[in-house]
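Since the structure comes first, as structure tokens, the remarks are kept for the end.
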Amino acid sequence: MLTRKQHELLRFIHERLRESGIPPSFDEMKDALDLKSKSGIHRLITALEERGFIRRLPNRARALEVIRLPESVAGGPPRGRFNPSVVEGGLGKGKPPVSPQADNSNKSVMVPVMGRIAAGTPISAIQHRSHSVPMAPEFLAGGDHYALEVRGDSMIDAGILEGDLVVIRKQDVANTGDIVVALIDEEEATLKRFRRRGSSIALEAANPSYETRVLGPDRVKIQGKLISLVRRY
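Per the numbering used here, the very first residue in the sequence shown carries number 1458; after that it's consecutive.
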């Protein structure tokens, strides 16, 4: 049987994974449970892991997996939210991504890879198409898509690592909290979390080593929203 705090934390982790596909940070968990230090979160996570409700994934930043839920927590995904998926596959090896939930045979969609995107210091704008990767339709949303290889570590706390291939849906608008491809001053492209601050736009890293950039709306163009990512091991 779970304590009230263990129950609250498990629900928070579960709902965050349902909403964004990315586990919450220790600071976010601390704030959500109104605790004064992260040591309390460590104890709660250890207790949940020992009881078989969650699992910490080794060698991956902020990686938590919910294994099972009590009936009071279990439930379907919130309506109107998208859950980006991580597909483990043979990126760049000519093999289709592999998903335990999807049969990709005879129905893959070829997504063009348009070069690299900075998860760190912005780099040159999106390049020309280099090759394509096959994706199962289950891992795409409506509309047009393209993929970019991640360079840098500024989004590591969002579960996005250097070398990942991010799949982006083309769109020129974003909601606060979306992870987007942002073009700055028509020349630098970066992958960051989008937030509005009054009349300005904040491009927020998911790594405390990087500062949030606050820019005027005339300097930022949204070129797409993160939908899925592919990781090669």
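All C-beta atoms in this analysis are idealised placements derived from N, C-alpha and C, irrespective of residue type, glycine included.
Under DSSP, residue 1569 forms a beta bridge with 1589. Beta-bridge partners of residue 1678 (DSSP): 1640.
For residue 1511, the enclosing beta strand (DSSP E) has its first and last residue at 1511-1513.
For residue 1657, the enclosing beta strand (DSSP E) covers residues 1657-1661.
In the structure shown, the three-state DSSP call for residue 1496 is helix. Beta-bridge annotation (DSSP): residue 1576 is not paired with any residue.
By the Cβ test, the stretch 1618-1630 is not in contact with the stretch 1655-1672, since fewer than three Cβ pairs between them sit closer than 8 Å. The Cβ neighbour count for residue 1499, taken over all protein chains shown within 10 Å, is under 16; the residue is labelled exposed. Beta-carbon to beta-carbon, residue 1636 and residue 1683 are separated by about 4 Å, close enough to satisfy the 8 Å threshold. Among the bridge pairs identified by DSSP, residue 1625 is matched with 1603 and 1683. Around the beta-carbon of residue 1640, 16 or more other beta-carbon atoms lie within 10 Å, marking it buried. Cβ-Cβ distances below 6 Å link residue 1512 to 1522 and 1524 in the same chain, with the five nearest sequence neighbours on each side left out; the list follows chain order. Taking the Cα of residue 1672 as reference, the smallest distance to any Cα among 1685, 1649 and 1487 is reached at 1649. Straight across, the Cα-Cα distance linking residue 1504 with residue 1629 is about 43 Å. Within the same chain, and ignoring the five residues on either side of residue 1501 in sequence, the residues whose Cβ sits closer than 7 Å to its Cβ are 1462, 1463 and 1466. Of the candidates 1686, 1644, 1627 and 1599, the residue whose Cα lies closest to the Cα of residue 1676 is 1644. Around the Cβ of residue 1653, a 10 Å sphere holds fewer than 16 other Cβ atoms; the residue is exposed. Going by DSSP, residue 1475 is part of the alpha helix (DSSP H) stretching over 1461-1477.
In the three-state DSSP reduction, residue 1668 falls in the coil class, being neither helix nor strand.
Residue 1521 sits in a strand when the DSSP states are folded into three classes.
A Cβ-Cβ contact shorter than 8 Å links residue 1573 with residue 1608.
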